[in-house]
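Shown next, in structure tokens, is the structure this report addresses.
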Amino acid sequence: MESSYPVLLFVGVLIGFVITNLVIIHIVGPRKRTAVKQMPYESGMDPVGDARQPFDVKFYLVAILFLVFDVELLFLYPWAVSAYLEDPSAATHLGVPVELRGTVFGIMLVFMATLAIAYVYAWRKGVFKWR
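Be aware that the sequence shown starts at 35, since it is given in our numbering, and climbs by one per residue.
What follows is the structure, given as structure tokens:
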């Protein structure tokens, strides 16, 4: 139980900080409500139209493609860092073992080729064209 005292102290300070900020904002905050203050902020531009307008489907397609290629980078980066990592002075081997480097490299090439095929397919379908 003694080891949890710093965590409990941190949680107490955190809750006290949040409550203090809420009270100060309520006391010091602006009181006058005007139409300009109640208007939503849209990157410095006056909002035009209804906020419930549907997005074009192409927006979602580009967002999904971004996620797919972002996940590709998540798989590619650790492999690139650890694939050829060697430390001759270390007692344990770091990274991919020498016997498996060719296999792992081939698997990564197949993975990247699959994503390249998906990219070309999306390009041919016109996903990246904004009209």
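Beta carbons: idealized from backbone N, C-alpha and C, even for Gly.
Could you tell me how far apart the beta carbons of residue i and residue j are, in whole angstroms, since I believe they sit closer than 8 Å?
i           : j           : result
residue 161 : residue 92  : 7 Å
residue 164 : residue 142 : In fact, because the Cβ distance is near 32 Å, the residues do not count as touching under 8 Å.
residue 145 : residue 109 : 7 Å
Ordered along the chain, which non-local residues of its own chain (more than five positions away) have a Cβ less than 7 Å from that of residue i?
i           : result
residue 130 : 116, 117, 138
residue 99  : 156, 161
Could you pull out every residue in the same chain whose Cβ sits closer than 8 Å to the Cβ of residue i, ignoring the five residues on either side in sequence?
i           : result
residue 140 : none
residue 149 : 102, 103, 106
How far does the alpha helix (DSSP H) with residue i in it extend, from its first residue to its last?
i           : result
residue 72  : 69-72
residue 159 : Segment: none, residue 159 is in no alpha helix (DSSP H) and carries neither H nor E.
residue 92  : 91-116
residue 62  : 39-62
Excluding five sequence neighbours on each side, which residues of the same chain lie with their C-beta closer than 6 Å to the C-beta of residue i?
i          : result
residue 36 : none
residue 70 : none
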